[in-house]
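Heads up: the structure comes next, in structure tokens.
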Amino acid sequence: MSDNIEKYLQETVGLLVNIKKMPDEQLEKLPLYLRHAYRYNLLESEGQSFILTENDDVISKTAGQLKKQSNAIRQYFGMPIVLVINNQSAQLKRKMMSLLEKVQNSRSNIATI
Numbered sequence: 006m007s008d009n010i011e012k013y014l015q016e017t018v019g020l021l022v023n024i025k026k027m028p029d030e031q032l033e034k035l036p037l038y039l040r041h042a043y044r045y046n047l048l049e050s051e052g053q054s055f056i057l058t059e060n061d062d063v064i065s066k067t068a069g070q071l072k073k074q075s076n077a078i079r080q081y082f083g084m085p086i087v088l089v090i091n092n093q094s095a096q097l098k099r100k101m102m103s104l105l106e107k108v109q110n111s112r113s114n115i116a117t118i
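Note that my numbering has the sequence shown beginning at 6, numbered continuously upward.
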């Protein structure tokens, strides 16, 4: 899956990334419910590091669950995360896009003050 993400980022936005497996000792920081909910990798690009989380659960998560879990993961690792969601429903896609638009609008409002 990591190869697909690297290829996608290169082809769509021209971003070169390096994706490495997250060390087990770092994963041990997470509570069990988060440790087994995602696959974790370290994504590095242009001097920035991100936690790459890949959700491949058969059971769909709600937008609220994804938001809550991504915030918890960010707090545990102390760095921004990139959330890759596989097998998403149309309803979840719409809800996530709505949440993303709200975040972008709030950032643009802050930037113009």
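For glycine and all other residues, C-beta sits at the position ideal for the given N, C-alpha and C.
On a CA-only basis, which of the options is nearest residue i? Give me that one, please.
i   : options             : result
L88 : Y81, S103, Y45, Q80 : Y45
Near residue i, what residues of its chain come up, given a Cβ to Cβ distance below 7 Å and the 5 sequence neighbours on each side ignored?
i   : result
R40 : L32
K34 : Y81
Just to confirm my understanding: we take residue i, look at its own chain, exclude 5 residues before and 5 after, and list those with CB closer than 6 Å. What are they?
i    : result
Y13  : none
R79  : I86
I118 : Because the pLDDT at I118 is just 25, under 50, the model does not fix this residue reliably, and the point stays unresolved.
K100 : A68
Look at the alpha carbon of residue i and the alpha carbon of residue j, and state the distance between them as a whole number of angstroms.
i    : j   : result
P36  : E51 : 30 Å
V18  : E11 : 11 Å
K25  : E16 : 20 Å
E106 : L71 : 16 Å
L47  : K73 : 20 Å
Among the residues of its own chain, which have a CB less than 8 Å from the CB of residue i, if the five just before and after it don't count?
i   : result
M84 : S54, F55, I56
Problem - Entirely enclosed alpha helix (DSSP H) segments - the stretch 13-60, minimum 4 residues - result: Taking only runs of at least 4 residues, the alpha helix (DSSP H) segments lying wholly in the stretch 13-60 are 29-32, 37-40.
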